[in-house]
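All residue numbers in the sequence shown are consecutive under this note's numbering, ending with 219. Since the structure comes first, as structure tokens, the remarks are kept for the end.
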Amino acid sequence: MAGLKELSGQLRSLQKQIPFATAQALTSVARKIQAAERVGMQRNLEHPTPFTVNSVGSQGARRDNLTARVFVRDIAASYLEPFEFGGQHKLNSQALLNPKNIKLNKYGNLTRNKMAQLKAKPDVFIGEIDGVNGVWQRKKAKGRKGAKRRRRSRNGTHQAAKKSSAPKLLIRFGDALPVSPVLGYMDRAEAMATNLMPGEMSQAINAALASAR
């Protein structure tokens with residue numbers, strides 16, 4: 007029968023396209039999860055940088071490799087891990103840098119070369135004052151410009167030197183702080199994969215059926 011032969015041909019054609027349809031569905035789900043994870047970072051992290059948000063990537067599936075994945079690139083993953091699983095802040099140096107009296111970028115962070123710039127200034131030093139360890143800036147002494155000697159009193163003795171102002175704390179050094187898991191990366195990915203895959207697979211198969219006609 008011509009009808010059965012035609013149907014059989016369509017089924018054979020569909021069978022060949024199933025891996026391709028599956029790869030398309032997996033890739034579509036991965037791309038949607040990637041986009042959602044980036045939005046999740048923007049909502050759950052405080053002023054994340056574009057580097058952090060764009061660290062979420064995805065890799066599509068192929069008909070000969072039916073695996074799609076969503077990932078966070080290594081550098082960002084290392085410091086985002088505590089926000090997913092809990093733990094302590096990952097430190098880029100030996101201490102947590104806690105800015106106090108210093109200009110930050112629009113993401114609330116020190117600029118990349120800020121420490122090097124501060125160290126190069128003659129009025130800035132790193133040390134401990136009254137038990138506080140950090141980066142300090144000496145305040146300029148008040149008085150007449152160019153005055154090299156203190157005034158003498160009427161009896162010929164020097165006046166007592168004025169006390170210099172206390173240095174200003176620019177950055178305080180501290181220990182790594184505990185982090186609460188707020189990211190929800192894994193839960194979001196699993197829930198989306200479960201909810202999206204049936205619909206994406208059905209759509210891909212319908213497209214394959216349409217092309218097989």
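Heads up, the beta-carbon is just placed ideally off N, CA and C, and yes, glycines get one too. Note that the structure is a prediction, hence the values are computed from the model and not measured.
Check, Outcome
"Separation of PRO56 from THR117, as counted between CA atoms", "14 Å"
"Proximal residues to ARG75 (C-beta, below 8 Å), its chain only, five neighbours per side dropped", "ALA36, SER64, GLN65"
"Own chain residues within Cβ distance below 6 Å of PRO204, not counting five before or after", "none"
"Beta carbon of LEU183 nearer than 8 Å to that of TRP142", "no"
"Per-residue burial, GLN48 [other beta carbons within 10 Å of its own, 16 or more giving buried]", "exposed"
"Proximity winner among ALA195, ILE177, LYS22, relative to GLU42 (alpha-carbon distances)", "Here residue 42 turns out to be Ala, not Glu, going by the sequence shown. Comparing Cα-Cα distances from ALA42 to each of ALA195, ILE177, LYS22, the minimum goes to ALA195."
"Pair within 8 Å by beta-carbon distance, THR58 and ALA82", "yes"
"Expected contact under 8 Å - CB spacing of ALA67 and ILE211 to nearest Å", "The Cβ separation is near 15 Å, so there is no contact."
"Straight-line Cα distance separating VAL62 from ALA213", "29 Å"
"Whole-angstrom C-beta distance between GLY92 and ILE52, which should lie under 8 Å", "Position check: residue 52 holds Glu in this sequence, whereas Ile was assumed. About 17 Å separates the two Cβ atoms, so there is no contact after all."
"Assigned secondary structure, ILE81 (DSSP; H/G/I helix, E/B strand, else coil)", "helix"
"Nearest to LEU72 (by Cα), restricted to the options LEU103, MET207, GLY137", "MET207"
"Pairwise C-alpha distance: GLU90 and PRO1", "Past the edges of the chain, shown from 7 to 219, lies residue 1, and the structure says nothing about it."
"Between the CA atoms of ARG69 and PRO25 - distance to the nearest angstrom", "5 Å"
"Residue environment, ALA31, which counts as buried when at least 16 other CB atoms sit within 10 Å", "buried"
"Alpha-carbon to alpha-carbon, ASN201 and ASN50", "22 Å"
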